[in-house]
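Per our numbering: the sequence shown = residues 241 to 592.
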Amino acid sequence: MRVLGIETTCDETAASVVGLSASGHGDILSNEVMSQIAEHAAYGGVVPEIAARAHVEVLDRLVERALRVADVKLKNLDGIAAAAGPGLIGGVIVGLTFGKALALATGKPFIAVNHLEAHALTARLTDGIEFPYLLLLVSGGHTQLVSVRGVGDYRRLGTTIDDAMGEAFDKVAKMLGLPYPGGPQVEKEAMQGDPLRFNFPRPMLRRPGADFSLSGLKTAVRLEAERIAPLRPIDIADICASFQAAVVDVIVDRVRGALRAFRAEDGHPTALVVAGGVAANGAIRRALTRFAGESGLRLIVPPVALCTDNGAMIAWTGIERLRLGMTDDLTFAARPRWPLDVNAERVHNGKA
Ligand code: AMP
Ligand code: MG
């Protein structure tokens, strides 16, 4: 079985072919990604209109390249999968329409993929783990703790009530005059800084449940930066280190809360899986490694190229669904919001 996957929900245009071997594991035959970071850098964030246009400009060539690298002809594919949300609607429409058109022209089965489900299932592509497992998804647009119980079966244990984790890193970077995207810059500065110099708040710490809140922390950073301005390089490094230390404390505490909720209903997880661009952060990885060790959990952090937005995760989700007979109609509409857990009622600030 070989499936093409298309991803255009945010600022990465991506196409990939993934195969399913006879033994049941996934093979990434190609994984082409074009990031639009340069196009958005001047604005300090992703501009939806620019993103949609950039997807249109490169998607056809990228799909061609993904097929060529995989050495697969369109007619030899078993299915075509495209992310249908959640994300920036203009971009989602570009990839979804492209995927549907290919499916129509070739007569192949079509799979409309939930981008969050694709992040959730990536660990099964990389490590072949079994259900159920605990997922921490921390990216530029999403912050969620989810019990992954099966394909299409998710229980959301926690989410952010305001900013996403990556967004918080990006906003802190911006207020300190660091370039976009801010996460890697903040981490770099933090390496030179003193994490104890500023005692920033740890929002939600030890609260019941597993929800996050990050806007208060961001505001505390801004007020402190304003108070001690003008900022010397050492001040910037210390602020970044202290901010990152607060984030690490919050993440570990919220994962602990989620694990408690997980065990209450779903038993012992086969692993703790971390996904999303923020998973690239070394301090967060180290803290979660320690936590997993103490909790007797296997920790899985897929390689960065598969943690951030990519086509392989979409193609893999296409395979997971196709082999269960879960295909979609070509009338499937783009969904800017599309919660993983249909029973999770609270949708905060537009972030499912
Ligand atoms: P994604 O939304 O999955 O494409 O990931 C992008 C987000 O991850 C952006 O908000 C980045 O600032 C953030 N990010 C990337 N690398 C790091 C890092 N080393 N530390 C913290 N955040 C990061
Ligand atoms: Mg991205």
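Glycine included, C-beta positions come from ideal geometry on N, C-alpha and C.
Cut-off 7 angstroms between Cβ atoms - residues of its own chain near residue i, not counting five sequence neighbours on either side
| i | result |
| --- | --- |
| N589 | With a pLDDT of only 43 at N589, under the threshold of 50, the placement of this residue in the model should not be trusted; the figure read from the coordinates follows. Counting only Cβ-Cβ distances below 7 angstroms, and skipping sequence neighbours, we find D402. |
| G558 | V243, G245, G319, A321, I351 and V353 |
| K458 | D403, A408, K411 and V412 |
| V296 | V334 |
Beta-carbon proximity of residue i to residue j, cut-off 8 angstroms
| i | j | result |
| --- | --- | --- |
| F350 | L570 | yes |
| A292 | Q276 | no |
| G398 | R525 | no |
| P326 | H355 | yes |
| G516 | G422 | no |
| A481 | D410 | no |
| A324 | R577 | no |
| V488 | M415 | no |
| E429 | I491 | no |
| A520 | V544 | yes |
| L528 | V513 | no |
8 angstroms Cβ shell around residue i - same chain, five flanking residues per side excluded
| i | result |
| --- | --- |
| L299 | I246, T248, T253, A255, V334, G335 and F338 |
| T567 | G319, P349, F350, I351 and R561 |
| N550 | E247, E252, A254, S256, N271 and V273 |
| A511 | A363, D367, I369, Y373, L374, L537, R538, L539 and I540 |
| E464 | F438, F440 and I479 |
Sequence-distant residues of the same chain with beta carbon closer than 6 angstroms to residue i, five excluded per side
| i | result |
| --- | --- |
| A281 | Y420 |
| S453 | I401, D402, P443 and M444 |
| L365 | G266 and W556 |
| V378 | M405, G516 and V518 |
Residue i: CB within 7 angstroms of a non-hydrogen atom of the ligand AMP
| i | result |
| --- | --- |
| T548 | yes |
| P421 | yes |
| E407 | yes |
| P424 | yes |
| V541 | no |
| N521 | yes |
| V518 | yes |
Contact belief for residue i with residue j at Cβ below 8 angstroms, rounded distance in angstroms
| i | j | result |
| --- | --- | --- |
| G380 | C250 | 7 angstroms |
| D506 | R389 | 6 angstroms |
| E427 | A584 | At roughly 30 angstroms, the Cβ-Cβ gap does not stay under 8 angstroms, so E427 and A584 are not in contact. |
| F502 | S387 | 5 angstroms |
Range of the contiguous beta strand (DSSP E) that encloses residue i
| i | result |
| --- | --- |
| F350 | F350 to N354 |
| S387 | T383 to G390 |
| E247 | R242 to E247 |
| V461 | Premise fails: V461 lies in the alpha helix (DSSP H), S455 to I468, not in any beta strand (DSSP E). |
| T253 | E252 to L260 |
| D393 | D393 to T399 |
| A515 | L512 to A515 |
| G319 | G319 to G325 |
Start-to-end residues for the alpha helix (DSSP H) that takes in residue i
| i | result |
| --- | --- |
| I277 | I277 to A281 |
| V332 | I329 to T346 |
| V307 | Per the sequence shown, residue 307 should be read as Leu rather than Val. P288 to A310 is the span of the alpha helix (DSSP H), which, as asked, contains L307. |
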